[in-house]
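K.L.:
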Amino acid sequence: MAQLPWANWNGTAMPLADVRVSVLDRGFLFGDGIYEVLRVYGGRPFLLSEHMARLRRSLNEIQIQSDVDRLEARMHATLRDSGIDGGMVYMQITRGEAPRTHRFPNPPATPNELIYVDAIAVDPYAAWRENGAKLLTVPDVRWRRCDIKSVNLLANCLAAQAAAEAGCQEALLVTADGTITEGSHTSIFAVQGGRILATPLGPQILPGITRGLVVKLAARAGIEIEERSAKLAELDSLDEMFLTGTTSEVLPVTQVDGRPIGNGRPGPVTAKLVATYGEYVRDWLAGRGE
Ligand code: PLP
790 MAQLPWANWN GTAMPLADVR VSVLDRGFLF GDGIYEVLRV YGGRPFLLSE HMARLRRSLN
850 EIQIQSDVDR LEARMHATLR DSGIDGGMVY MQITRGEAPR THRFPNPPAT PNELIYVDAI
910 AVDPYAAWRE NGAKLLTVPD VRWRRCDIKS VNLLANCLAA QAAAEAGCQE ALLVTADGTI
970 TEGSHTSIFA VQGGRILATP LGPQILPGIT RGLVVKLAAR AGIEIEERSA KLAELDSLDE
1030 MFLTGTTSEV LPVTQVDGRP IGNGRPGPVT AKLVATYGEY VRDWLAGRGE
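Residues in the sequence shown are numbered consecutively from 790, following this note's numbering.
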């Protein structure tokens, strides 16, 4: 078993603790980089092609030239060498090290490519999966390209901190016109009259990979999905709310700003999706899935 977290830094395998990066790295100076997080079950990365497609898109959107196939090969080697069974993969690519100027370096710098893997032993969200998570509404002050999985996460960090200080598990980001977008690190869904409301994809949210799977699983289960954002003013009319994410999977939400959602207990549509998600992972692990 390698020393965890186990990393690959620009092609060299090493413990994450030994990775050193220049202070002139543009990720450090400007947040000029992108990242990706994958869940690992049974030693294998889950929803691999979807995550790699999003990584490729993020790189293209900010014009960083990195070889995604090579990154994927390194990720597999890092996972194999780590000996991890259940865990996660973090990948980050920045524009590289260059003298500090806002415009891109010319000639281009060599991107800095970090991959690390770590174990997740037990479900860290088990208690909230059972009882539901509490959310705090926070103004969504992010930029207008939230569809890019950029390492610029200051607004997300401030929102997550405000939520934690209020004793909540996640922030619920709300735009100036009262539209609910997503969480600080999760996608948000509502349930109203038996039908799921999903925030439409667009520049205002990250296209969550778990969101995509849950939409597919809900359709398969015959649950109607409406692609529209819930409004803050509608909270009292919602029967359920749940959030999704690579590490959170599917989590019921039972309170927002101290007020109950529905009857204040995890609801049946969410429970169905938690179960369906678990079955999908088990089938995939057994080689029966897609
Ligand atoms: N929305 C934001 C802002 C996120 O940071 C994340 C994950 O980090 C998600 C949604 C969930 O995306 P995924 O399901 O791909 O993990």
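Ideal Cβ placement from N, Cα and C applies to all residues, glycine included.
1. So, does the region 1051-1067 touch the region 1024-1039, judging by three or more C-beta pairs under 8 Å?
2. Compute the distance between the beta-carbons of Ser975 and Gly1034, then report whether it is under 8 Å.
3. Contact between the region 802-810 and the region 845-860: three or more CB pairs below 8 Å?
4. Is Leu1032 near Val1045, with beta carbons less than 8 Å apart?
5. Is the beta carbon of Leu986 within less than 7 Å of some heavy atom of the ligand PLP?
6. If you count every other CB in all the chains shown that lies within 10 Å of the CB of Thr801, and 16 or more means buried, which is it?
7. Would the beta-carbon of Cys935 fall within 8 Å of that of Ile994?
8. Mind checking whether the beta-carbon of Ile998 lies closer than 7 Å to any heavy atom of the ligand PLP?
9. Out of Glu919, Val826 and Arg884, which one is the CA nearest neighbour of Ala1064?
10. Can we count Glu850 as close to the ligand PLP, meaning its CB is less than 7 Å from some heavy atom?
11. Where Ser1037 and Ile937 are concerned, what is the direct C-alpha to C-alpha distance, given to the nearest angstrom?
12. Relative to the C-alpha of Glu825, which candidate in Gln950, Glu839 and Phe817 has its C-alpha closest?
P.N.:
Let me spell this out:
1. Flag = yes, the region 1051-1067 and the region 1024-1039 touch.
2. The amino acid occupying residue 975 in the given sequence is Thr; Ser does not appear at that position. In contact: Thr975 and Gly1034 (Cβ atoms closer than 8 Å).
3. When Cβ pairs closer than 8 Å are counted between the two stretches, the region 802-810 is seen not to touch the region 845-860, the count staying below three.
4. Not closer than 8 Å, so no.
5. Answer for Leu986: no, Cβ out of range of the ligand PLP.
6. By the 10 Å Cβ count, Thr801 comes out exposed.
7. Cβ atoms of Cys935 and Ile994: closer than 8 Å.
8. Checking every heavy atom of the ligand PLP against the Cβ of Ile998, one is found closer than 7 Å.
9. The shortest Cα separation from Ala1064 among Glu919, Val826 and Arg884 belongs to Glu919.
10. No, Cβ of Glu850 sits at least 7 Å from all heavy atoms of the ligand PLP.
11. Using only the alpha carbons, I get a separation of about 20 Å.
12. The shortest Cα separation from Glu825 among Gln950, Glu839 and Phe817 belongs to Glu839.
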